[in-house]
Structure formats: C-alpha cells, structure tokens
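Protein chains in written order, with our numbering: chain D, 187 to 391; chain A, 187 to 391.
Here a beta-carbon is modelled for each residue, glycine too, at the ideal position from N, C-alpha and C.
All of these numbers come straight from a predicted model, not from anything done at the bench.
There are 2 protein chains.
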Amino acid sequence: RIPETTIRRLPAYLRALTLIGQDRITSEALGQLSGYSSEQVRKDLAYFGAFGTRGVGYDAQLLAQEIRRILQLDHGVRAVVVGAGRLGTALVRHTGETSGDVVIAGVVDIDPAVIGRQVDHLRVEPLDALESIIRERNIGMGIITVPPQGAQAVCDRLVQAGVKAILNFAPRALVVNNPEVFVQQIDLTLEMQALAYFVGSTERT
Amino acid sequence: RIPETTIRRLPAYLRALTLIGQDRITSEALGQLSGYSSEQVRKDLAYFGAFGTRGVGYDAQLLAQEIRRILQLDHGVRAVVVGAGRLGTALVRHTGETSGDVVIAGVVDIDPAVIGRQVDHLRVEPLDALESIIRERNIGMGIITVPPQGAQAVCDRLVQAGVKAILNFAPRALVVNNPEVFVQQIDLTLEMQALAYFVGSTERT
Ligand SMILES: NC(=O)c1ccc[n+]([C@@H]2O[C@H](COP(=O)([O-])OP(=O)(O)OC[C@H]3O[C@@H](n4cnc5c(N)ncnc54)[C@H](O)[C@@H]3O)[C@@H](O)[C@H]2O)c1
Ligand SMILES: NC(=O)c1ccc[n+]([C@@H]2O[C@H](COP(=O)([O-])OP(=O)(O)OC[C@H]3O[C@@H](n4cnc5c(N)ncnc54)[C@H](O)[C@@H]3O)[C@@H](O)[C@H]2O)c1
Chain D
187 RIPETTIRRL
197 PAYLRALTLI
207 GQDRITSEAL
217 GQLSGYSSEQ
227 VRKDLAYFGA
237 FGTRGVGYDA
247 QLLAQEIRRI
257 LQLDHGVRAV
267 VVGAGRLGTA
277 LVRHTGETSG
287 DVVIAGVVDI
297 DPAVIGRQVD
307 HLRVEPLDAL
317 ESIIRERNIG
327 MGIITVPPQG
337 AQAVCDRLVQ
347 AGVKAILNFA
357 PRALVVNNPE
367 VFVQQIDLTL
377 EMQALAYFVG
387 STERT
Chain A
187 RIPETTIRRL
197 PAYLRALTLI
207 GQDRITSEAL
217 GQLSGYSSEQ
227 VRKDLAYFGA
237 FGTRGVGYDA
247 QLLAQEIRRI
257 LQLDHGVRAV
267 VVGAGRLGTA
277 LVRHTGETSG
287 DVVIAGVVDI
297 DPAVIGRQVD
307 HLRVEPLDAL
317 ESIIRERNIG
327 MGIITVPPQG
337 AQAVCDRLVQ
347 AGVKAILNFA
357 PRALVVNNPE
367 VFVQQIDLTL
377 EMQALAYFVG
387 STERT
C-alpha cells in the first residue's frame, strides 16, 4: 500500500505534469514545479513502481496516467458545497473554471435570500435537500463553508448521508465517529504563517 | 540553517500546540494533531535543538515559544489583500476572527462599487494607494485574490513596493525576478483532488 503522505503529494505532481506539456521530465524538474525535493519525488514514485531513467527522467504521459489511476480520478469525484456564502461561492466558481477532476454537483444553504441564486452552472438549493442530492447525484465528498457554530451538525448530516471525504473550512475541529470517512481541515491562515518566516528573515529595517 | 520544508511545517505544529493546552506533548501526539508522522516531527524539531524526553515528550510552552521565535512571529507580520471580491473578503473576515500572527493591515480593489466598503476592521481602498499603504503600514506580505488576467501586474507592483512574500490565489503562475521575494501558489482544487483518493477507495457501488 502507498503511504497517505505520498498520496497527498500526488495531485501536486499531476498538476505539474499537466502544466509542462513535455514528453519527459526529471525528478528535479518535477520537484521544482511541485515544491518538493527531487529525493522526495523519486521515493514517492518508486512506491508504485515508476522508475525514471538516469539523466532522462520519466515518461510524463505514462506517469500522469498512473497517478490518475491511483487517485481514482478517472471515475471523476463529485462533491457538494454546504454554505453558499462568499467562500463557498468563490470555490464553486473557481472549480468550475479550473479543469480538475472533482466536479461540484450541488450547493446548498439555509438562508432563503441565497436559495435559488445561480452560481456558475448550479442553482443554490435548500439544506433540506442535502440527503437526496447526495443520493441522486452519487456524491462522495462534502465541502463545508458555513460559520463555525453550524459546522458539526452539517458534518453529521454529510456522514449520515454516506459521503466518504469532507473538506472543512470552518474554524472548528469536527468529530467524526466513522473510520471510513476522511476529514481534511483547511486553514489558510497557516499558509500565511508559513510565509511570515520569509518576510521576517529579510525584514526591512 | 533550518530547511525550508521544515519551516513550512512549523505553523501546523504551532497550531497544534495552541490547541492542546497541555504542559507536555509527545511527538506522536504532535504528529497526530498536525498531520505528520512522529519521525517527521522529531526530525524537524531536532533542527533547532528541541529534543523531547523519551516517554514524556516536549515542554509544550517552550516549544511554542521557540517556533514563534523561528517564524519571527513575535514581530507580527502585516499583509495587504489585493482584490476585495468574494475570496478576498472571506479571507479578511476569517483572518480577523482567527487569532493568528499575520495581521491584514489593508485591502484594495479597482472597482469603484467596492472601494469604500467596510470589511471587518478595514475599509476597501483604491489600488492606486497600494504603494503608500505598503510603505506607511510596514507591510511585508501581499495576498492576491484578483482574476487571473490581472494577477501578474498586481504581483509586479507588490514586488516593486518591497513586499518579501506573496500568497497567490489567482490560477496563473507568476513570474518574479527578485530572488528575495518568496511566492506561494495556493490551489484549493489540489486539496479536493487529494481527497478524491479517499472517496474512490471506498466508492459506493
Ligand atoms: N479555513 C480558511 O482558511 C477560511 C478562509 C475564509 C473563510 N473561512 C470560514 O469559512 C466559513 C464561511 O465564510 P464566508 O466568508 O463564506 O461566510 P458567509 O457568511 O459569507 O457565508 C456563510 C454561508 O453559510 C450559510 N449557512 C450558515 N449556516 C448554515 C447551515 N447550517 N447549513 C447551510 N448553510 C449555512 C449562510 O446562510 C451563508 O450563506 C466561515 O466559517 C469562515 O470562518 C475559512
Ligand atoms: N486558488 C484557489 O483555490 C481559489 C479558490 C477560489 C477562488 N480563486 C481565485 O481567486 C480569484 C478571486 O475569486 P473571487 O471569487 O473572489 O472573484 P470576484 O470576482 O468575486 O473578486 C475579484 C475582485 O478583484 C477585483 N479586481 C480585479 N482586478 C483587480 C486589480 N487589477 N487590482 C485590484 N483588484 C482587482 C475585482 O474588482 C473584484 O472585486 C479568482 O482568480 C479565482 O479564480 C482561487
């Protein structure tokens, strides 16, 4: 089995492979484009038997196909966004514009003033329709963009309705008792904090 | 010198340390909370001479202080958001609510209908004021949340005005010729793709 930490890096490699448009790529170039060291790249790819030729690198086409197969992207994954506020709407629009493998197949909200609004290719539906949307559109992923106090209840409904992965933006640690459901917490302020170091070390006097 | 990949993980350790509120923490617990393996945690912390006691772990207070010092967070880093649309506004509000070390000290836009709007503790100012905002408020970081076609020009102005770090959300690879400026590209669709694996492997039949 491929370790989870390797799986988490694969989309960045895939994104780099689709950007370069060349036939072959070295682990140095793949590392440079995706933000990892060339040793890390070689180690990760070796897990699924992808070995480059010294000095020539990997076949970019084959590698991308292999990563898509491992990430099961060829099935196409469908997601629902819960909370059609600023962040939720920005995400639906952005995902619609970027050609990715995750398709947002529904967006719901509790505010009557927001329900019925058109966002990209979707219309905002009421939260009450969440379970039937997940069942009828074969949705496997939930994306939570509601205020923190509503996040746990939304999470419970998503798990109950059978989603297998949750991307949570609300600043609230979610409790999930089902080991088959994977929850990923996102906090963009962490990204800012990581960058703070690069500001500090050359701080203008 | 501490490797950049280690620096990038420190905010997640710091976030975990502030969440737990205990006196001591083991590398296993720190890894569990921050999403890294306990070996990775031990290796990272050893770079700056933090060694835990076998079975007892690390002093959580001292460790948090040490990480803040390394990340230069005690100086407090100030950022400006360019593009007060849905994503930019959501970020300003969220950063204002979450106690973090990066302070958003300004937000600018080009749309007259948006300029003057109140967002959290700030009022949206015109893009033309960008350079004087950066100089007068000692801003070291720029956050780009404009549409892709405007991103490179905004980036050039930020670099020219002296910022040292840029967080870019626009789906456009930025070109920066100044080696002292660090650019971090953010793509939330990559997070969705990484999660797709966890949906696929237990896909409902
Ligand atoms: N993790 C990050 O880095 C990050 C960045 C920005 C915002 N956020 C967070 O994302 C969340 C949304 O931010 P925003 O700026 O879009 O807020 P917003 O107020 O613009 O949008 C919230 C939306 O959720 C809806 N809602 C509330 N409770 C609901 C429920 N139980 N079910 C369905 N819909 C519900 C509201 O009607 C509203 O439309 C907040 O929790 C915020 O802190 C996180
Ligand atoms: N990286 C990600 O994961 C992610 C997620 C969501 C959105 N996005 C991207 O973020 C960007 C913003 O998305 P949004 O939904 O907030 O869009 P939006 O249209 O709601 O907001 C864009 C704002 O930028 C302003 N603007 C345009 N050109 C400008 C310039 N040159 N200088 C200053 N302000 C300018 C507009 O007036 C508007 O207020 C888009 O490029 C989108 O693709 C990225």
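So, under 8 Å CB-CB, residue i and residue j are touching, yes? Tell me the CB distance rounded to an integer number of Å.
{"i": "threonine 331 of chain A", "j": "valine 305 of chain A", "result": "That pair is no contact at about 12 Å."}
{"i": "valine 294 of chain A", "j": "leucine 259 of chain A", "result": "The pair is not a contact, with the Cβ atoms about 25 Å apart (cut-off 8 Å)."}
{"i": "valine 278 of chain A", "j": "leucine 308 of chain A", "result": "6 Å"}
{"i": "glycine 326 of chain D", "j": "leucine 344 of chain D", "result": "Wrong, their Cβ atoms sit about 10 Å apart, outside the cutoff."}
{"i": "phenylalanine 368 of chain A", "j": "leucine 381 of chain D", "result": "7 Å"}
{"i": "glutamine 208 of chain A", "j": "alanine 270 of chain A", "result": "Contact flag wrong, Cβ pair sits at about 40 Å."}
Please state the DSSP three-state secondary structure of residue i.
{"i": "glutamate 225 of chain A", "result": "helix"}
{"i": "glycine 243 of chain D", "result": "strand"}
{"i": "glutamine 258 of chain D", "result": "coil"}
{"i": "valine 340 of chain D", "result": "helix"}
{"i": "arginine 309 of chain A", "result": "strand"}
{"i": "phenylalanine 384 of chain A", "result": "helix"}
{"i": "aspartate 230 of chain D", "result": "helix"}
{"i": "leucine 360 of chain D", "result": "coil"}
{"i": "aspartate 373 of chain A", "result": "coil"}
{"i": "glutamine 251 of chain A", "result": "helix"}
{"i": "glycine 292 of chain D", "result": "strand"}
{"i": "glutamine 218 of chain A", "result": "helix"}
{"i": "valine 266 of chain A", "result": "strand"}
{"i": "isoleucine 211 of chain D", "result": "strand"}
{"i": "alanine 351 of chain A", "result": "strand"}
{"i": "isoleucine 330 of chain A", "result": "strand"}
{"i": "threonine 391 of chain D", "result": "With a pLDDT of 34 at threonine 391 of chain D, under the threshold of 50, the modelled position of that residue is not reliable, and no figure is offered here."}
How should residue i be labelled, buried or exposed, when 16 other C-beta atoms within 10 angstroms of its C-beta is the threshold for buried?
{"i": "glutamine 379 of chain D", "result": "buried"}
{"i": "asparagine 354 of chain A", "result": "buried"}
{"i": "alanine 291 of chain D", "result": "buried"}
{"i": "phenylalanine 237 of chain A", "result": "exposed"}
{"i": "proline 197 of chain A", "result": "buried"}
{"i": "arginine 128 of chain D", "result": "The structure shown does not extend to residue 128 of chain D, since chain D is modelled only from 187 through 391, so no value can be given for it."}
{"i": "leucine 205 of chain D", "result": "exposed"}
{"i": "arginine 323 of chain D", "result": "exposed"}
{"i": "arginine 321 of chain A", "result": "exposed"}
{"i": "serine 318 of chain D", "result": "exposed"}
{"i": "valine 340 of chain D", "result": "buried"}
{"i": "alanine 250 of chain D", "result": "buried"}
{"i": "glycine 241 of chain A", "result": "exposed"}
{"i": "alanine 299 of chain D", "result": "exposed"}
{"i": "valine 361 of chain D", "result": "exposed"}
To the nearest angstrom, how far is the alpha carbon of residue i from that of residue j?
{"i": "glutamine 370 of chain A", "j": "glutamine 226 of chain D", "result": "19 Å"}
{"i": "valine 266 of chain D", "j": "valine 310 of chain D", "result": "11 Å"}
{"i": "alanine 351 of chain D", "j": "valine 263 of chain D", "result": "11 Å"}
{"i": "valine 268 of chain D", "j": "threonine 284 of chain D", "result": "20 Å"}
{"i": "alanine 359 of chain D", "j": "alanine 347 of chain A", "result": "38 Å"}
{"i": "tyrosine 199 of chain A", "j": "arginine 187 of chain A", "result": "19 Å"}
{"i": "threonine 375 of chain A", "j": "glycine 282 of chain D", "result": "10 Å"}
{"i": "glutamine 218 of chain A", "j": "glutamate 252 of chain A", "result": "20 Å"}
{"i": "lysine 229 of chain D", "j": "alanine 232 of chain A", "result": "23 Å"}
{"i": "leucine 248 of chain A", "j": "tyrosine 383 of chain D", "result": "19 Å"}
{"i": "phenylalanine 366 of chain A", "j": "aspartate 287 of chain A", "result": "First, the amino acid is wrong: residue 366 of chain A is glutamate here, not phenylalanine. Taking the straight line joining both Cα atoms gives about 22 Å."}
{"i": "threonine 239 of chain D", "j": "arginine 210 of chain D", "result": "10 Å"}
{"i": "tyrosine 244 of chain D", "j": "threonine 191 of chain D", "result": "21 Å"}
{"i": "aspartate 297 of chain A", "j": "glutamine 338 of chain A", "result": "18 Å"}
{"i": "alanine 202 of chain D", "j": "serine 223 of chain D", "result": "14 Å"}
{"i": "arginine 303 of chain A", "j": "arginine 272 of chain A", "result": "13 Å"}
{"i": "aspartate 373 of chain A", "j": "proline 357 of chain A", "result": "7 Å"}
{"i": "leucine 216 of chain D", "j": "leucine 216 of chain A", "result": "30 Å"}
{"i": "arginine 195 of chain D", "j": "isoleucine 193 of chain A", "result": "18 Å"}
{"i": "proline 189 of chain D", "j": "glycine 221 of chain D", "result": "19 Å"}
{"i": "asparagine 363 of chain A", "j": "isoleucine 301 of chain D", "result": "46 Å"}
{"i": "leucine 257 of chain A", "j": "serine 213 of chain A", "result": "20 Å"}
{"i": "proline 334 of chain D", "j": "proline 334 of chain A", "result": "30 Å"}
{"i": "aspartate 342 of chain D", "j": "histidine 261 of chain A", "result": "40 Å"}
{"i": "glycine 336 of chain D", "j": "valine 349 of chain D", "result": "18 Å"}
{"i": "glutamate 377 of chain A", "j": "valine 289 of chain D", "result": "13 Å"}
Between residue i and ligand 4, is there a pair consisting of the residue's CB and a ligand heavy atom that are separated by less than 8 Å?
{"i": "leucine 277 of chain D", "result": "Only ligand 1 and ligand 2 can be found as ligands here, which leaves ligand 4 out of the picture."}
Give the residues of chain E in contact with residue i, contact being defined as C-beta atoms less than 7 Å apart.
{"i": "glutamate 377 of chain A", "result": "Any reference to chain E falls outside this structure, whose protein chains are D and A."}
Anything in the region 207 to 225 of chain D with a Cβ closer than 9 Å to a Cβ of chain A? List those residues in chain order, please. Gly221, Tyr222 and Ser223
At a Cβ cut of 9 Å, what residues of the region 334 to 358 of chain D count as close to chain A, listed as they run along the chain? Pro334, Gly348, Val349, Lys350, Ala351, Ile352, Leu353, Phe355 and Pro357
The region 240 to 255 of chain D: which residues have C-beta closer than 8 Å to a C-beta of chain A, in chain order? none
Near-chain A residues of the region 256 to 275 of chain D (beta-carbon distance less than 8 Å), N- to C-terminal order: Ile256, Leu257, Gln258, Leu259, His261, Val263, Ala265, Gly271, Arg272, Leu273 and Thr275
For the region 300 to 320 of chain D, which residues have a CB atom closer than 8 Å to at least one CB atom of chain A, in sequence order? none
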